[in-house]
Each structure stands twice: as structure tokens, then as C-alpha cells.
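J.: Sequence lines, in order, name chains A and B.
Counting from 3, one number per residue, gives the positions in the first sequence under my numbering.
Counting from 3, one number per residue, gives the positions in the second sequence under my numbering.
The beta-carbon is built from N, C-alpha and C at its ideal position, and this holds for glycine as well.
Here it is: the structure, laid out below.
Number of protein chains: 2
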Amino acid sequence: METRTLRCILTGLGNIGRSFLAMLPARAAYLRERYGLALRFVAVADSSGCIACEQGLDPIAIVACKRDKRGVVELAGGDIRITEMTAAAQRLPADLLLEATPTDIRAGQPGLDLIRAALQRGVHVVMASKGALVVAFDELARMSDWSGDRRAPRLRFSGAVAGALPSVNIGWRDLAGGEIRSIEAVLNGTTQVMLTLMSEGKDYAAALAEAQRIGIAEPDPTLDVEGWDAANKLLILSNAVLRQPTRLSDIAVEGITRVTPDDIQRARRNGGNLILLAKAERGADGRYDLSVRPTSVPADHPLARLGMQEAGIVYQSDIFGRTTAFSLEDGPTGTAAAMLRDILSIAPEIAA
Amino acid sequence: METRTLRCILTGLGNIGRSFLAMLPARAAYLRERYGLALRFVAVADSSGCIACEQGLDPIAIVACKRDKRGVVELAGGDIRITEMTAAAQRLPADLLLEATPTDIRAGQPGLDLIRAALQRGVHVVMASKGALVVAFDELARMSDWSGDRRAPRLRFSGAVAGALPSVNIGWRDLAGGEIRSIEAVLNGTTQVMLTLMSEGKDYAAALAEAQRIGIAEPDPTLDVEGWDAANKLLILSNAVLRQPTRLSDIAVEGITRVTPDDIQRARRNGGNLILLAKAERGADGRYDLSVRPTSVPADHPLARLGMQEAGIVYQSDIFGRTTAFSLEDGPTGTAAAMLRDILSIAPEIAA
Numbered sequence: 003m004e005t006r007t008l009r010c011i012l013t014g015l016g017n018i019g020r021s022f023l024a025m026l027p028a029r030a031a032y033l034r035e036r037y038g039l040a041l042r043f044v045a046v047a048d049s050s051g052c053i054a055c056e057q058g059l060d061p062i063a064i065v066a067c068k069r070d071k072r073g074v075v076e077l078a079g080g081d082i083r084i085t086e087m088t089a090a091a092q093r094l095p096a097d098l099l100l101e102a103t104p105t106d107i108r109a110g111q112p113g114l115d116l117i118r119a120a121l122q123r124g125v126h127v128v129m130a131s132k133g134a135l136v137v138a139f140d141e142l143a144r145m146s147d148w149s150g151d152r153r154a155p156r157l158r159f160s161g162a163v164a165g166a167l168p169s170v171n172i173g174w175r176d177l178a179g180g181e182i183r184s185i186e187a188v189l190n191g192t193t194q195v196m197l198t199l200m201s202e203g204k205d206y207a208a209a210l211a212e213a214q215r216i217g218i219a220e221p222d223p224t225l226d227v228e229g230w231d232a233a234n235k236l237l238i239l240s241n242a243v244l245r246q247p248t249r250l251s252d253i254a255v256e257g258i259t260r261v262t263p264d265d266i267q268r269a270r271r272n273g274g275n276l277i278l279l280a281k282a283e284r285g286a287d288g289r290y291d292l293s294v295r296p297t298s299v300p301a302d303h304p305l306a307r308l309g310m311q312e313a314g315i316v317y318q319s320d321i322f323g324r325t326t327a328f329s330l331e332d333g334p335t336g337t338a339a340a341m342l343r344d345i346l347s348i349a350p351e352i353a354a
Numbered sequence: 003m004e005t006r007t008l009r010c011i012l013t014g015l016g017n018i019g020r021s022f023l024a025m026l027p028a029r030a031a032y033l034r035e036r037y038g039l040a041l042r043f044v045a046v047a048d049s050s051g052c053i054a055c056e057q058g059l060d061p062i063a064i065v066a067c068k069r070d071k072r073g074v075v076e077l078a079g080g081d082i083r084i085t086e087m088t089a090a091a092q093r094l095p096a097d098l099l100l101e102a103t104p105t106d107i108r109a110g111q112p113g114l115d116l117i118r119a120a121l122q123r124g125v126h127v128v129m130a131s132k133g134a135l136v137v138a139f140d141e142l143a144r145m146s147d148w149s150g151d152r153r154a155p156r157l158r159f160s161g162a163v164a165g166a167l168p169s170v171n172i173g174w175r176d177l178a179g180g181e182i183r184s185i186e187a188v189l190n191g192t193t194q195v196m197l198t199l200m201s202e203g204k205d206y207a208a209a210l211a212e213a214q215r216i217g218i219a220e221p222d223p224t225l226d227v228e229g230w231d232a233a234n235k236l237l238i239l240s241n242a243v244l245r246q247p248t249r250l251s252d253i254a255v256e257g258i259t260r261v262t263p264d265d266i267q268r269a270r271r272n273g274g275n276l277i278l279l280a281k282a283e284r285g286a287d288g289r290y291d292l293s294v295r296p297t298s299v300p301a302d303h304p305l306a307r308l309g310m311q312e313a314g315i316v317y318q319s320d321i322f323g324r325t326t327a328f329s330l331e332d333g334p335t336g337t338a339a340a341m342l343r344d345i346l347s348i349a350p351e352i353a354a
């Protein structure tokens, strides 16, 4: 098989960007043999700035640099020059933008401007972050192949809705042609862990402290515990899979902050469970009612079987029946792996 | 969106072929609006023979004809002429062969010759039956896009491995780029139902009789209860997803005929379960060890949570972690729906 090289710009070198780069060297030969694909990083950016090199930057050197807590600009010199990441997205010869900057839910930046710049000039985009999709799904869909225009640049984001869980892919591809009647999902890891800890008797504060101690919950857990992270993911599913134009204000959101161990004990009787359920349900008028709220599910509900560190989704379709998927993954690795699958899914169509 | 029309030859009008045709009229407008696609049936075949019509046959008339237990040749007359299905696959102007003849595991016929004829002249193929894949996966892969040649005709068969369950699709697409360490799956409906009935105290003979009474088990249940149906599906996963050339003789197969209610009671203690497990496990040499056998799985195994009428699959990957999928579906409808998703997945690439 001939090898096609994709020239990539990678923005964001947090846990996900680093995991992504770190998994490449060991599988470069495999990607070449099985998929006929090589990735060349013509620019990478972190909070220190952006470096570029036409001949390609070395993933190993970048990972080592980040492991030493240094900014990538320190790698500049020789063929490697310092540039600016927006300028790279706008002008650098490239095939693909890999967007992994931190998620900013309010403005979607800096991802949104980077993605706009790339799509505008026909550069394909794979995203790991949610922000730009939450803020501007419609606009980005219109600029990309989601518009239905096969010649438009590709936009993929399978890792933005619960990492390795094929939540978006099952919906838009495996259930294509059917009418989706409902989606029920557990899409937020922090709250699933906390509710499981609370089922063992801990109260809310103790469960939060424990989740923070093991590195699952953020120092400021607001977005997770108040349900906004799950709502953001449901918003993406609603826009992308259900094709219902959706804003955050269309979703009824209630977090887990008022849940007590007693609530969970009650739900667990007879094999049920209390979960933070993200739900879309088709009404008689064909519109989906969207909500995120703590919900008691019975023993025979697939999400009652979900493990402490699992994410899960259940689709009901008129012709496909009930399709359930769970994912148990190492957070950043799973999301980085989702970026790789997105690249491989579009590579046959886009590689020169 | 402009509408592209795919000219289809449908061979086989058993439960699956009929379900497929029956689901189309009500969703024709939806397929046109959302996917820009229309299907025109230029030929259909059943055991009575094959009819053809350039302007397109009417799915409703065909379904009605079959419901009345008549052969499709009785629809001939006017624009509709009688032909021969191999001749249709060889020569009739068409874009797509939809192959749904009964599965014949030994020779793979008549599907195999039909698929060969179609692929040979560049007609794309979507299969619902397993036979041809079991007998000649390698040959069909070489003739189609599975060879890595993007210009070769497409060959899709997502419904051949447990119907609506996205078993093949998750493996080759959602886990692309990773190394699959193992596959564990429950792929045969009859045995899953029988083992569940036996867990309620029935012995093997009573469970079989009950499964036959409710229409789950065939009058001759040999292929199911002796594990061959599950082995056939594992063979397809091994060839298509693991890319390990595999024949049936490479799989260690043991059915459920010697399982006793006691075995199941023992397995069910502490929340585990006894299932007919199809398994592929990667060895130190990189080759997968393949087996189908009754297996006791512990409570924390995802397949211990499987419902009586569910199929399920668990992938372990180095970078994607553990990915589980279940499907609860109405048999023929789920497999027919899988044909539709396969058509929609290739339509953007193949429609003129």
C-alpha cells in the first residue's frame, strides 16, 4: 500500500494532546502498513506559543519537552521557527487541524477561531475539545461536510462526547436510516464516580473530596457536579445526531449537588441505580425533549449495569431496536485515541 | 440536497429481504431529505425466480405478493419481465447488489456466485447473509475495497454478525489505530435464550422445546446449539476486524448440548453467568487464539449483564480501553436495518 502523508497542525498540548503524540511513535509502522498513512506535524502549539517546521516536528521531542514542564517554544532553532497558532491555522500549508486546546464553554475560544480559520480555507478538522461545538455548532456544520456538501472540509469530533465511547458514531452512522426515539446516557465521569462512592455510604462532600483526591474531579468541580458538562455533550448529540438545532438553554439541567446517600440507597433497592442521566426523548410533534438530571433507573435498564468509571449510552430506534454502548477507558488516552480514529476515518477521503 | 438514485438488485426475499423492503415506503421521504438518496429496485429474486424492470419495481407490491405466499414471478407482465438472478447480477445495469439469500455455510451459494458476479463488474455489494463470507472471505476482500484499493467496489456486511449490533463497525472503525487485545462476544440468539431458560430450572431438552415454540430456535437447531453459527460470526470478525486470515477449522468450537442447569446455577452464584462465549485473544506472537465455548463469566464482566434476547460484544484495545456494545432487536428487522445503514454508509462514495 502506498503511504499518504497528512500534514497536521496540533493545537493544545494538555493531557489529550500529549497522550495523542505519545501514542504515535510506537504505532507509526502499523499506521503505514495497515492504513497507508503517515502523520507529519508541521506546527504544534501550547500556552507558550507555537512552533512550525515544514519537514515535520518530532513527536518524541515534543512529548519529552512537555514532560519536563517546558513550553514548546523552547524547541525552536534550526529548521524550527516560532510562529503564532492562529497564523498557522490561517496560512501554514497543511491538510488537517487537530484541535485540543482547553474547553471554554462560554466563548469556545481559542478553538473556535482556529477551526473557523482552518475550515474557511479547506483544511479538515478533528477536535478533542467541546467548546467550539457548544457555542457554534450550526456555523461549523455549515462550513464543513456536515452541511451535506461532500466537497466541503471534514469536521470530526467523536472524542468530544465521552472520549472513546462511540456515542456520536453509533448515532449518526450505525443507526442511519432509522428514527431515533430516545437517547439516554451517562456522559460525565466525575458524577458517575461520586454517585458510586455515595452508594457506599459517603455523603456528597466526602465523595467530592475523594474524587478530587484520586484526580477524577477538578479543583473547581462546578461544570461536572452541576450537570453542565453532561449538558454540553447532550447538546452536541442533539445537534449532530438528532439534527435538532440546540442551545444550552434548550436543556433542562439539574446536577447532583442535592443528591443524598439515602436517594441512592432507595434507587439501588431491587438492583436499580441512581445516575446523572442525559436524556433526549422524541415527542409526538417530532421534537426532542432534552434534560440532564439525577434519575433512578430500574434493574433492567442497561445504564443500571454501568460500572463506576464507565460512560454509557442507550439509543432506541424504530428499526434498530435498543443499542447500548459502554466505555471503560483511561481518560486522556481514550480521547486521544478517538482523535486517531477520526483521522483514520477521513484519511481515505482527504489524503492527496 | 439533490437526490441520487441507486439502482438495486435484491436477491432473497425471506424474513430479512421482506423486512427490508417493508421498511422503505414509509421512510422514502426521510431518506431523500436527510441523505439525498432514493433506491430503485431494478430486479428482485426469490425461490420462484427473478423479475426485472428498468423503471423500478414497487416494494409495496412485492411485500404484498410475499405476504400472500406467492412467488415474485407472478408479478411479471407489462414492463416487468422474468429473468434469472445470476444473469441479473452479471449483466443488468445496476449500482448495488443487496444479497439476502439463505445462508449456506458449506458452499456459500447462491450468494457467493452472485457477489462474485457483481464485484467483478464493479457493482457494490451489501450482504445480510454470512455464507459467502465464511467460505471465501479472502477472495471477496481481494475483489473489493477491503483490499485497500479505494477504486474497488464496496463490500459491506455489518448485519451478518449479529444484525443491528455494530460488532464489525466498532471493531474496524471506532477502534481504528489501536491494537485489539481481545474480543469476547455473545453472537447467537438461540443459545442465549436457551441458557437463560435453563437458568430458570429447565433442562436442555425443555429449554430447546420452549425456544422452538416461541420461534427463536430452528426446527433443526444444530448450527446454533453446537456453536457453529457463533463460530461463523467469529470467523468474519477475525478476518475483517483482526485481519487474521481464518477458516472455520482454526476455531475451537464447543456447543451448549452438554450444559446442565447445575452448571448455570454454579455460574450464577455471586452474580456471574454462563454464556456461549465467542472469543479471540491475542497471544504473545501477535496471533489470535479463537474459540467458541460455554463459559462462566464473573459478575463484573460486561457480558454477565446481557439480557435474554440481547447480543453483545466486548473489545479490549491498548488505547481505547474496554468498549462494550449490546443490541436488543427484533431479529429480521434489525438485520434489514443493518442493510440500510450499510447502504447509507457507502452511498456518498458510490452514488453517481
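So, is B:Asp226 buried or exposed, given that buried needs 16 or more other C-beta atoms within 10 angstroms?
T.: Per the 10 Å Cβ criterion, buried.
J.: Quick one, which of B:Ala211, B:Thr7, B:Arg108 and B:Ser21 has its alpha-carbon nearest B:Gly58's?
T.: Measuring from the Cα of B:Gly58, the nearest candidate turns out to be B:Thr7.
J.: Can you check whether the CB of B:Glu256 is closer than 8 Å to the CB of B:Pro296?
T.: The answer is yes: Cβ separation under 8 Å.
J.: Tell me which residue opens and which closes the beta strand (DSSP E) that B:Val137 is part of.
T.: Unbroken run through B:Val137 is the alpha helix (DSSP H), Gly133 to Met145; no beta strand (DSSP E).
J.: Between which residues of its own chain and B:Ile62 is the CB-CB distance below 6 Å, once the five residues before and five after are set aside?
T.: Hits under 6 Å: Pro27.
J.: On a Cα-Cα basis, can you pick out the residue from A:Met129, A:Ala178 and A:Ser149 that is closest to A:Phe159?
T.: For the residues A:Met129, A:Ala178 and A:Ser149, the minimum Cα distance to A:Phe159 belongs to A:Met129.
J.: So the candidates are B:Ile277, B:Ala134 and B:Ala207; which of them puts its Cα closest to the Cα of B:Ala109?
T.: Comparing Cα-Cα distances from B:Ala109 to each of B:Ile277, B:Ala134 and B:Ala207, the minimum goes to B:Ala134.
J.: Report the neighbours of A:Asn171 on chain B: residues whose CB is nearer than 9 Å to its CB, in chain order.
T.: Correct list: Pro168, Asn171, Ile172, Arg175 and Asp176.
J.: Taking the alpha-carbon positions, what's the B:Ala339 to B:Ala78 distance?
T.: One C-alpha to the other measures close to 28 Å.
J.: Comparing C-alpha positions only, which one of A:Val65, A:Tyr37 and A:Val74 sits nearest to A:Asp48?
T.: The option with the nearest alpha carbon to A:Asp48 is A:Val74.
J.: At a CB-CB cut-off below 7 Å, which residues of chain A make contact with B:Pro350?
T.: Per Cβ cutoff of 7 Å: Arg152.
J.: Could you tell me which of B:Gly180, B:Val163, B:Arg284 and B:Val299 sits nearest to A:Thr2, measuring between CA atoms?
T.: The structure shown does not extend to residue 2 of chain A, since chain A is modelled only from 3 to 354, so the question has no answer here.
J.: Out of B:Ala207, B:Ala90, B:Tyr37 and B:Ile258, state which residue places its alpha-carbon closest to the alpha-carbon of A:Arg152.
T.: It is B:Tyr37.
J.: What are the residues of the segment 290–323 of chain B that lie near chain A, defined by any Cβ-Cβ distance shorter than 7 Å?
T.: Under the 7 Å Cβ criterion, the segment 290–323 of chain B contributes Pro304, Arg307, Ile321, Phe322 and Gly323.
J.: Among B:Thr326, B:Cys10, B:Thr248 and B:Ala282, which has the Cα closest to the Cα of B:Glu141?
T.: For B:Glu141, the nearest C-alpha among the options comes from B:Thr248.
J.: Judging by CA-CA distance, which residue of B:Val316, B:Val294 and B:Asp231 is the nearest neighbour of B:Ser131?
T.: For the residues B:Val316, B:Val294 and B:Asp231, the minimum Cα distance to B:Ser131 belongs to B:Asp231.
J.: Against B:Phe328, what residues of chain A qualify as contacts under a CB-to-CB distance less than 7 Å, listed in chain order?
T.: Correct list: Pro304 and Thr326.
J.: Going by C-alpha to C-alpha distance, which of A:Ser146, A:Arg118 and A:Ala162 sits closest to A:Pro155?
T.: Residue A:Ser146 is the option with its Cα nearest to A:Pro155.
J.: Here's a check: name, in chain order, each residue in its chain whose Cβ is nearer than 7 Å to the Cβ of A:Thr105, leaving out the five neighbours to either side.
T.: Closer than 7 Å at the Cβ level, and outside the excluded window around A:Thr105, lie Ser131, Lys132 and Gly133.
J.: Residues in the segment 208–237 of chain B with C-beta within 7 Å of chain A's C-beta atoms, listed in sequence order?
T.: Taking 7 Å as the Cβ-Cβ cut-off against chain A, none of the residues of the segment 208–237 of chain B qualify.
J.: Between which residues of its own chain and B:Asp97 is the CB-CB distance below 6 Å, once the five residues before and five after are set aside?
T.: Excluding positions up to five away in sequence, the list reads Leu8 and Arg9.
J.: Using a Cβ-Cβ cut-off of less than 8 Å, give me the residues of the segment 21–35 of chain A that come near chain B, in sequence order.
T.: Those would be Met25, Arg29, Tyr32 and Leu33, in chain order.
J.: Going by DSSP, what residues sit across from A:Arg42 in a beta bridge?
T.: DSSP, once it has assigned bridges, lists A:Arg9 as partnering A:Arg42.
J.: Which first and last residues belong to the beta strand (DSSP E) in which A:Leu276 is found?
T.: Segment Asn275 to Arg284, the beta strand (DSSP E) holding A:Leu276.
J.: Relative to the C-alpha of B:Thr103, which candidate in B:Leu279, B:Thr192 and B:Ile11 has its C-alpha closest?
T.: Closest by alpha carbon: B:Ile11.
J.: Quick check on A:Arg83 - is its C-beta less than 8 Å from some C-beta in chain B?
T.: Judged by the 8 Å Cβ criterion, A:Arg83 is not in contact with chain B.
J.: Listing by chain order, which chain A residues have their CB less than 8 Å from the CB of B:Thr192?
T.: Within chain A, no residue comes near B:Thr192; the closest Cβ sits about 17 Å away, beyond 8 Å.
J.: Quick one: what does DSSP say A:Pro296 is sitting in, helix, strand or coil?
T.: Of the three classes helix, strand and coil, the one that applies to A:Pro296 here is strand, per DSSP.
J.: Are there three or more Cβ pairs, one per stretch, closer than 8 Å when the segment 165–173 of chain A is compared with the segment 276–284 of chain A?
T.: No, the segment 165–173 of chain A does not touch the segment 276–284 of chain A.
J.: Run through chain A and tell me which residues come within less than 7 Å of B:Thr335, C-beta to C-beta.
T.: Ordered by position in chain A, the residues that pass the 7 Å Cβ test against B:Thr335 are Ile321.
J.: Could you check whether the Cβ of B:Leu342 sits closer than 8 Å to any Cβ belonging to chain A?
T.: Closer than 8 Å: yes.
J.: Using DSSP's beta-bridge definition, name the partner residues of B:Leu59.
T.: Answer is B:Phe43, bridged to B:Leu59.
J.: Applying a beta-carbon distance threshold of less than 7 Å, which residues of chain B neighbour A:Gly180?
T.: By Cβ distance, chain B contributes Ala339.
J.: Are A:Ala187 and A:Leu199 touching if we call contact CB-CB under 8 Å?
T.: The answer is no: Cβ separation not under 8 Å.
J.: Can you tell me whether DSSP reads A:Leu308 as helix, strand or coil?
T.: If DSSP states are grouped into helix, strand and coil, A:Leu308 belongs with coil.
J.: Check this for me: beta carbons of A:Leu236 and A:Ile277, under 8 Å apart or not?
T.: In this structure, A:Ile277 does not lie closer than 8 Å to A:Leu236 by Cβ.
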